[in-house]
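Engineer: Chains as they are written, first to last, in this note's numbering: chain H, 39 to 466; chain P, 39 to 466.
Sharing a structure with you now.
Rendered as structure tokens:
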């Protein structure tokens, strides 16, 4: 008897599923202890259905979601539509009907995960979503199954392939942000409205999920600070290289004495840091913990086959649990009371690029302002820029978010100083 | 009610277990659904017992293994003695007594794994050994649980920390093999007899286990070709760098049309390859597959806490399965009939360093010999070495093991040519 699945949507990722079921059928069947069969596929309308049939897709396409949700033969519903609605309503209905659900929808799970998981629990249904974070990298299941013995102190991740592709061009080729974006759009890596990718929003959704699996805490999406890559200039990139760093958009979740802090921001990574050599559209999750110490999980963050591989891994787990009669287990069982860190506990070194009139005493004044907030300098570089404007680059020692906002406020008050950019620096 | 465990041995790794049970107790208990308690610890003799007690270790030390194996309250036996005997006998007895067993003993599992797994199966006992490959990296469970949906085509791994530390010194600092070995011994990374580490034997044991989890095939240890790092010279390292490569000791298991091939050998990795930046004592496993494409799992290959973290992860899984009443599942369920590749199917590019008298026509003769085996050149470098001896470096295009042994035989027949080194080259 086969396990029958219903797909919601038949876009890029979904069409990778038949590939794996065909090319890896024997191994999948042995692992699931059952054949996995695509019973029905929901598409938008008859036009899409006819187009897909004409293109040789030999499946039972339906245009009404009830045809899947009310089908007693279907035990697993696979949602690959993306966005919030109607995916949310469909998943909720499927769970309420006792179907197990696999999804790759990070936006939805980051924002409405808690309520969906509650529905799943109520109906003893599984809701798995390995593909929602870092596409092909099996990071969520690894956190849930293997790193249970370890206490994680920090997770750093290159979590967005589009922005990482762009940063790689900006670092390796010296391209501007605009040129890198145009190339990413040309190659289909970036959408015409790239906001979600380049402003760190997509990575922030993933940070929400990683904080649940890694720290047992559900942080609201709004509590993840996010800063994008659009303000990064070739000057920033060049000075980073000169000082031994690579700039990347990095998701950062860590536990402090007062709670956890999550943010996504352009980050100076020391060249030797394992994340520094994660290039192009690849993703990686770097985990710091009291047991293993440092470990990293690297792979493609998106793409048809990698994402479908994670989706099928979830399907196999559910099918196997159905076979073994123990399907109740949550994907993530690690749950603690959520505590958000106080800004004074969230500490990092920072890079400041400040423009100032090229006149005597300016560096002294800058030093006084930083000193008044008890911030000390690690490295300082004064560069003459255009005409009579100098550019001062400072890498500080560790300071807290409280100190950071205080010093930025003070710098703002001095008409002479313009803070061009402030980025986090790792390893200082 | 707590799950009681018995430790066989209380060396470096074993003493990392109490650290995790204490520092991460809450999370471990939640995951296992039970408290995990160290009930008894087997030590060699009364001297060791008294020494450990005097050092403040407050455990129930025993000197007779039966005190653990015959204790009905102990459900999990953790073997951390290393070597083959008496570990093998003890594990077998524990399994036969219905105890579940966790081990980090790669030598034992690589050589006698099949018989131990048979005993485990017969007694419906679990035998888990995540720590046996790449210490802290959760690679075996990831292969068994997450990569079930994917078909793996090749696994490449930096699997031995000692030799990787040495190679890193040889590459980054230009040290000789002898200097790197002396340093590794001074730091305690290498034993006084370093054979297992530097000759690729330790990595070959791990390749046996990876071939089971990744390919479902049990390859005999003797079928893993292994070549060590002791013959690598500063000349080899320098020319590799000049040509854009880094030399590392790499375990390589891949599936060919006729079966799988496993070997451990010094390998030229292109500088951009993710494994090329795995330095020092760190390990990494790089997986090529039809779904994900390329993924890598990076972390410490040894050490007290990393290894103990993997051991405790296994203990948690067993404790949880005991709680859930489904403890029968094998660690690795992927089993196919073992097929060993025919040498003519195992293809790679190769590096040849050949010494030859510095006289006219030698390169032509070399080219003729390679051409007679249908081997073509990718890059050729002729370097004048000492006096009237020239050193010719060749990077070939892809050739099979059959072609390799044929050409080496022909080169041997020509008194003029001395093959100094032959190493595999990736990415050509």
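Backbone N, C-alpha and C fix where the C-beta goes; we use that ideal spot for every residue, glycine too.
Please report how far the alpha carbon of residue 240 of chain H lies from the alpha carbon of residue 344 of chain H, in whole angstroms.
Structural biologist: One-based indexing of the first chain puts residue 240 of chain H at position 202. One-based indexing of the first chain puts residue 344 of chain H at position 306. Roughly 18 Å separates the two Cα atoms.
Engineer: Quick one: residues in its chain with C-beta nearer than 6 Å to the C-beta of residue 128 of chain P, no 5 flanking neighbours on either side, listed in chain order?
Structural biologist: Position 90 of the second chain holds residue 128 of chain P. The residues are 46, 103.
Engineer: Put residue 168 of chain P into one of helix, strand or coil per three-state DSSP.
Structural biologist: On the second chain, position 130 is the one that residue 168 of chain P refers to. The answer is helix: DSSP assigns residue 168 of chain P an H, G or I state.
Engineer: For residue 372 of chain P, go through chain H and note every residue whose CB falls closer than 8 Å to its CB, in chain order.
Structural biologist: Taking the second chain and counting its residues from 1, one reaches residue 372 of chain P at position 334. Within 8 Å Cβ-Cβ: 65, 68, 69.
Engineer: Along the region 348-367 of chain H, where does the CB come closer than 7 Å to a CB of chain P? Name the residues.
Structural biologist: Those residues of the region 348-367 of chain H that come within reach of chain P (Cβ to Cβ, closer than 7 Å) are 350, 351, 354, 362, 364.
Engineer: Taking DSSP as the reference, what is the three-state secondary structure of residue 55 of chain H?
Structural biologist: For the purposes of this step, residue 55 of chain H is identified with residue 17 of the first chain, where counting begins at 1. Residue 55 of chain H falls in the helix class under three-state DSSP.
Engineer: With a threshold of 16 other CB atoms inside 10 Å of the CB of residue 358 of chain H, please say whether the residue is buried or exposed.
Structural biologist: Here the question's residue 358 of chain H lines up with position 320 in the first chain. Result: buried.
Engineer: Within the chosen definition, does the region 165-178 of chain H reach the region 247-261 of chain H through at least 3 CB pairs nearer than 8 Å?
Structural biologist: They touch, by the three-pair rule.
Engineer: Do you know offhand how far residue 432 of chain P's Cα is from residue 420 of chain P's?
Structural biologist: What you label residue 432 of chain P is simply residue 394 of the second chain in a count that begins at 1. What you label residue 420 of chain P is simply residue 382 of the second chain in a count that begins at 1. So the alpha carbons of these two residues sit roughly 9 Å apart.
Engineer: Tell me, to the nearest whole angstrom, how far the beta carbon of residue 198 of chain P is from that of residue 339 of chain P; I am working on the premise that it is less than 8 Å.
Structural biologist: On the second chain, position 160 is the one that residue 198 of chain P refers to. On the second chain, position 301 is the one that residue 339 of chain P refers to. Confirmed, Cβ separation roughly 7 Å.
Engineer: Give the straight-line distance between the Cα atoms of residue 258 of chain H and residue 228 of chain H, rounded to the nearest whole angstrom.
Structural biologist: Within the first chain, the letter at position 220 stands for residue 258 of chain H. Within the first chain, the letter at position 190 stands for residue 228 of chain H. Cα-Cα distance, rounded: 26 Å.
Engineer: Tell me the start and end of each unbroken alpha helix (DSSP H) in the region 177-215 of chain P that is at least 4 residues and wholly inside, in chain order.
Structural biologist: You should have 177-183, 199-210.
Engineer: Just to confirm, are residue 342 of chain P and residue 63 of chain P a CB contact at a threshold of 8 Å?
Structural biologist: Position 304 of the second chain, counting from 1, holds the residue named residue 342 of chain P. Position 25 of the second chain, counting from 1, holds the residue named residue 63 of chain P. Their beta carbons are not under 8 Å apart, which means residue 342 of chain P does not touch residue 63 of chain P by this criterion.
Engineer: Against residue 179 of chain P, what residues of chain H qualify as contacts under a CB-to-CB distance less than 7 Å, listed in chain order?
Structural biologist: In the second chain, the residue the question calls residue 179 of chain P occupies position 141. By Cβ distance, chain H contributes 183, 184.
Engineer: Enumerate in chain order the residues of its own chain whose CB-to-CB distance from residue 347 of chain H is below 7 Å, with the five nearest sequence positions on each side excluded.
Structural biologist: Within the first chain, residue 347 of chain H is the residue found at index 309, counting from 1. These residues qualify, in order along the chain: 58, 174.
Engineer: What residues of chain P sit near residue 340 of chain H, judged by a beta carbon separation below 7 Å?
Structural biologist: Position 302 of the first chain, counting from 1, holds the residue named residue 340 of chain H. Chain P residues near residue 340 of chain H: none, gap ~11 Å exceeds 7 Å.
Engineer: May I have a chain-ordered list of the alpha helix (DSSP H) segments no shorter than 4 residues that lie completely inside the region 255-296 of chain P?
Structural biologist: Correct list: 272-280.
Engineer: In this structure, does DSSP put residue 224 of chain H in helix, strand or coil?
Structural biologist: Translated into positions along the first chain, residue 224 of chain H becomes position 186. It is helical.
Engineer: Less than 8 Å separating the beta-carbons of residue 209 of chain P and residue 284 of chain P?
Structural biologist: In the second chain, residue 209 of chain P corresponds to position 171, counting from 1. In the second chain, residue 284 of chain P corresponds to position 246, counting from 1. It is a contact, given that the beta carbons lie within the stated cut-off.
Engineer: Using three-state DSSP, classify residue 468 of chain H as helix, strand or coil.
Structural biologist: Given that chain H is displayed from residue 39 to residue 466, the structure contains no residue 468 of chain H and the question cannot be resolved.
Engineer: Might you give, ordered along the chain, the residues of its own chain that have their beta carbon closer than 8 Å to the beta carbon of residue 111 of chain P, omitting 5 neighbours on each side?
Structural biologist: Your numbering for residue 111 of chain P matches position 73 in the second chain. Cβ within range, chain order: 42, 77.
Engineer: Taking beta-carbon pairs under 7 Å, can you tell me which members of the region 53-64 of chain P lie near chain H?
Structural biologist: The residues in question are 58, 61, 62.
Engineer: What first and last residue would you give for the beta strand (DSSP E) that runs through residue 321 of chain P?
Structural biologist: For the purposes of this step, residue 321 of chain P is taken as the residue at position 283 of the second chain. Unbroken beta strand (DSSP E) run through residue 321 of chain P: 320-327.
Engineer: Name, in chain order, the residues that DSSP records as bridge partners for residue 400 of chain H.
Structural biologist: The sequence position of residue 400 of chain H within the first chain is 362, counting from 1. According to DSSP, which records beta bridges pairwise, residue 400 of chain H is partnered with nothing at all.
Engineer: Using the DSSP secondary-structure output, state which residues sit across from residue 409 of chain P in a beta bridge.
Structural biologist: By one-based count along the second chain, residue 409 of chain P stands at place 371. BP columns for residue 409 of chain P are empty, so no partner.
Engineer: Which value, in whole angstroms, describes the spacing of the CA atoms of residue 130 of chain P and residue 385 of chain P?
Structural biologist: Along the second chain, one-based indexing puts residue 130 of chain P at 92. Along the second chain, one-based indexing puts residue 385 of chain P at 347. Using only the alpha carbons, I get a separation of about 40 Å.
Engineer: Comparing the C-beta of residue 166 of chain P with each C-beta of chain H, is any distance below 8 Å?
Structural biologist: For the purposes of this step, residue 166 of chain P is identified with residue 128 of the second chain, where counting begins at 1. Not closer than 8 Å to any Cβ of chain H, the Cβ of residue 166 of chain P fails to qualify, so no.
Engineer: Would you identify the three-state DSSP class for residue 244 of chain P, choosing helix, strand or coil?
Structural biologist: Numbered from 1 along the second chain, position 206 holds the residue referred to as residue 244 of chain P. Looking at residue 244 of chain P - three-state DSSP - the assignment turns out to be helix.
Engineer: Counting only the same chain and skipping the five closest in sequence on each side, list residues whose C-beta sits under 8 Å from that of residue 454 of chain P.
Structural biologist: Start at 1 with the first residue of the second chain, and residue 454 of chain P comes out as number 416. Hits under 8 Å: 394, 395, 400, 403.
Engineer: Could you check how far apart the C-beta atoms of residue 156 of chain H and residue 165 of chain H are, in whole angstroms? I think they sit under 8 Å.
Structural biologist: By 1-based counting over the first chain, the position of residue 156 of chain H is 118. By 1-based counting over the first chain, the position of residue 165 of chain H is 127. The Cβ separation is near 10 Å, so there is no contact.
Engineer: To the nearest angstrom, how far is the alpha carbon of residue 68 of chain P from that of residue 142 of chain H?
Structural biologist: Taking the first residue of the second chain as position 1, residue 68 of chain P is located at position 30. Taking the first residue of the first chain as position 1, residue 142 of chain H is located at position 104. Their Cα atoms are separated by approximately 27 Å.
Engineer: Where does the unbroken alpha helix (DSSP H) through residue 451 of chain P begin, and where does it stop?
Structural biologist: Here residue 451 of chain P corresponds to residue number 413 of the second chain, with the count starting at 1. Residues 439-451.
Engineer: Would you identify the three-state DSSP class for residue 304 of chain P, choosing helix, strand or coil?
Structural biologist: Taking the second chain and counting its residues from 1, the one referred to as residue 304 of chain P is at position 266. The answer is strand: DSSP assigns residue 304 of chain P an E or B state.
Engineer: In the DSSP assignment, what residue or residues form a beta bridge with residue 415 of chain P?
Structural biologist: Here residue 415 of chain P refers to the residue found at position 377 of the second chain. Looking at the DSSP assignment, residue 415 of chain P forms a beta bridge with P/434.
Engineer: So, at 7 Å on beta carbons, what are the nonlocal neighbours of residue 120 of chain P in its own chain, with the 5 sequence-adjacent residues on each side left out?
Structural biologist: Along the second chain, one-based indexing puts residue 120 of chain P at 82. Hits under 7 Å: 143.
Engineer: Considering only the beta carbon of each residue, do residue 460 of chain H and residue 390 of chain H sit closer than 8 Å?
Structural biologist: In the first chain, residue 460 of chain H corresponds to position 422, counting from 1. In the first chain, residue 390 of chain H corresponds to position 352, counting from 1. Against a cut-off of 8 Å, the Cβ pair of residue 390 of chain H and residue 460 of chain H comes out as a contact.
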